[in-house]
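Chains as they are written, first to last, in the numbering used here: chain A, 1 to 181; chain B, 182 to 202. The C-beta atom is built at its ideal place from N, Cα and C for all residues, glycine as well. First comes the structure, then the notes that go with it.
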């Protein structure tokens with residue numbers, strides 16, 4: 001299946017991992033079961049280099065300009081942005097709630113830190129999500145092992161640094177198990 | 182193995198470099 005593998009172009013700067021962009025939008029009429037979640041989420045493209053990342057990202061609408069109940073997901077290639085994925089099952093996520101108006105800038109800084117390998121937690125990072133909601137927006141970053149406190153603390157501290165979060169920003173860690181309940 | 186690490190400044194510079202366009 002390597003035929004379709006995305007790889008860096010000549011002269012481009014490779015990323016440590018390939019990443020896939022996904023988009024989902026909740027249609028109000030459907031229940032939010034995991035089946036309808038899977039139906040509502042679409043892969044929109046995979047990037048393997050810094051240059052491919054920018055070409056792709058620059059064509060996307062900014063999260064702050066989205067309306068309604070929508071999410072962008074950027075996950076390592078091969079990992080679905082779902083709790084049920086093998087890589088996410090034992091994992092969790094850091095959540096940051098943002099007042100309206102901040103999502104575009106914070107999302108960009110968070111995914112730049114991710115694709116640039118700023119978190120220094122080995123293979124732990126799975127992906128990142130920005131969730132656009134009516135009253136607020138939510139950023140989250142998912143990792144594989146929810147009970148590894150060294151890892152989760154390091155992710156939290158890196159997020160604080162790269163997003164330049166005020167020290168009173170509330171960050172919440174949720175295991176995917178909690179979310180499933 | 183070696184990790185490929187880029188800081189934000191470098192990534193933003195790549196955005197405006199000719200190969201990215």
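Worksheet item: Taking just the CA atoms, how far does residue 106 of chain A sit from residue 202 of chain B?
Response: Per-residue confidence for residue 202 of chain B stands at a pLDDT of 46, beneath the threshold of 50, marking its modelled position as unreliable; the derived number appears in the next sentence. Between residue 202 of chain B and residue 106 of chain A, the C-alpha separation is close to 24 Å.
Worksheet item: Where does residue 197 of chain B sit, in a helix, a strand or coil, going by DSSP?
Response: coil
Practice prompt. Quick one: list the residues of chain B neighbouring residue 112 of chain A, beta-carbon separation under 9 Å, in chain order.
Written response: 187, 188, 189, 192 and 193
Fill in: Best match in A:136, A:111, A:90 and A:116 for proximity to residue 152 of chain A [C-alpha to C-alpha]
A:90
Worksheet item: Hey, quick one: how far does the beta strand (DSSP E) through residue 216 of chain A stretch, first residue to last?
Response: Chain A is shown from 1 up to 181; residue 216 of chain A falls before or after that span and cannot be answered.
Fill in: Where residue 111 of chain A falls, given that 16 or more other Cβ within 10 Å makes a residue buried
buried
Worksheet item: Helix, strand or coil: how does DSSP classify residue 190 of chain B here?
Response: helix
Worksheet item: DSSP state of residue 96 of chain A, grouped into three classes?
Response: strand
Discussion item. Within the continuous beta strand (DSSP E) that includes residue 137 of chain A, where are the two ends?
Written reply: 136-143
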